[in-house]
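Chains as they are written, first to last, in my numbering: chain W, 1 to 113; chain R, 1001 to 1113. Before any comments, here is the structure.
Here's what the structure looks like:
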């Protein structure tokens, strides 16, 4: 089956630190990959996505590169802000028919001033 | 601005009660989803619907049912609420063929006493 594995949190950083949240996947087909973010008290929202190998998704200073050889989609940001404190979910979907998203368990990020 | 709304942010019910959670989207999306979110377990798919009057079981449908009589509305029903259904419930929608780009509501935190 399909699965997504994320590093466990919480990840605790000081403002302006470099962020990496690891994500690896297994898939029975050829997936598209996503990062969703959930700010406190809100639903999830799409942060970025990549649909094929070597694609780089980017948004709001975050980026992730689809690495087929290592089945990974690690999230990075060069300088985090307090406002980036949230839960981050890595997800995949197979590019076929009526597929549904498979989510990782989420990684909480806490950024202190 | 796209929007998914859920009928309640917080709900408290008693064991054995019938519970209705309502979700409405204003984007004319064909596909709609219900998830529950629990600490350490991430998001788990309960039911989804590809179109009006259609429904498909997700990963954890036991104890739940759904109704989709109109395109914009997707209801989750707990026939006889139990304490193990205490959770955060998230609704989402997406355009058919738009792969993994889903739009989420703010969630309903349900407590069953």
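Here a beta-carbon is modelled for each residue, glycine too, at the ideal position from N, C-alpha and C.
Of the listed residues the options, nearest to residue i (C-alpha basis)
| i | options | result |
| --- | --- | --- |
| residue 72/W | 3/W, 24/W, 9/W, 5/W | 24/W |
| residue 1056/R | 1020/R, 1076/R, 1040/R, 1041/R | 1076/R |
| residue 1039/R | 101/W, 100/W, 78/W, 89/W | 89/W |
| residue 1045/R | 1011/R, 1088/R, 1029/R | 1088/R |
| residue 1029/R | 1021/R, 1059/R, 1097/R | 1097/R |
| residue 95/W | 16/W, 68/W, 31/W | 31/W |
| residue 62/W | 108/W, 20/W, 2/W, 113/W | 20/W |
| residue 27/W | 2/W, 98/W, 106/W, 104/W | 2/W |
| residue 14/W | 93/W, 103/W, 78/W, 102/W | 78/W |
Residue environment, residue i, which counts as buried when at least 16 other CB atoms sit within 10 Å
| i | result |
| --- | --- |
| residue 82/W | exposed |
| residue 18/W | exposed |
| residue 1041/R | exposed |
| residue 111/W | buried |
| residue 100/W | buried |
| residue 84/W | buried |
| residue 45/W | exposed |
| residue 1047/R | buried |
| residue 105/W | buried |
| residue 1110/R | buried |
Interface residues of chain R facing residue i [CB-CB closer than 8 Å]
| i | result |
| --- | --- |
| residue 91/W | 1100 |
Interface residues of chain R facing residue i [CB-CB closer than 7 Å]
| i | result |
| --- | --- |
| residue 150/W | What the structure shows of chain W is the stretch from 1 to 113, and residue 150/W is not part of that stretch, so it cannot be assessed. |
| residue 115/W | Nothing can be reported for residue 115/W, as the shown portion of chain W is limited to 1 through 113. |
Within chain W, the residues that residue i reaches when beta carbons sit closer than 9 Å
| i | result |
| --- | --- |
| residue 1114/R | The structure shown has nothing for residue 1114/R, since chain R only spans 1001 to 1113. |
Chain-ordered neighbours of residue i on chain W, where CB pairs are closer than 7 Å
| i | result |
| --- | --- |
| residue 1104/R | 43, 44, 45 |
| residue 1045/R | 100 |
Chain W residues whose Cβ lies nearer than 8 Å to that of residue i
| i | result |
| --- | --- |
| residue 1042/R | 89, 103, 104, 105, 106 |
| residue 1107/R | 42, 43 |
Per-residue contacts from residue i into chain R (C-beta, under 9 Å)
| i | result |
| --- | --- |
| residue 2/W | By Cβ distance, chain R contributes nothing, its closest Cβ being about 11 Å from residue 2/W, past 9 Å. |
Should the segment 1015-1029 of chain R be regarded as contacting the segment 30-49 of chain W, the criterion being three or more beta carbon pairs within less than 8 Å? no
For the segment 1027-1045 of chain R against the segment 1062-1076 of chain R, are there 3 or more C-beta pairs whose distance is under 8 Å? yes
Per the contact definition of three or more C-beta pairs closer than 8 Å, is the segment 1003-1011 of chain R in contact with the segment 1048-1065 of chain R? no
Kindly confirm or deny that the segment 6-22 of chain W and the segment 46-61 of chain W touch, where touching means at least three C-beta pairs closer than 8 Å. no
Listed in chain order, which residues of the segment 1071-1090 of chain R have Cβ atoms closer than 8 Å to some Cβ of chain W? 1090
What are the residues in the segment 48-72 of chain W lying within 9 Å of chain R by C-beta distance? 49, 51
Select from the segment 7-22 of chain W all residues with a C-beta closer than 8 Å to any C-beta belonging to chain R, and list them in chain order. none
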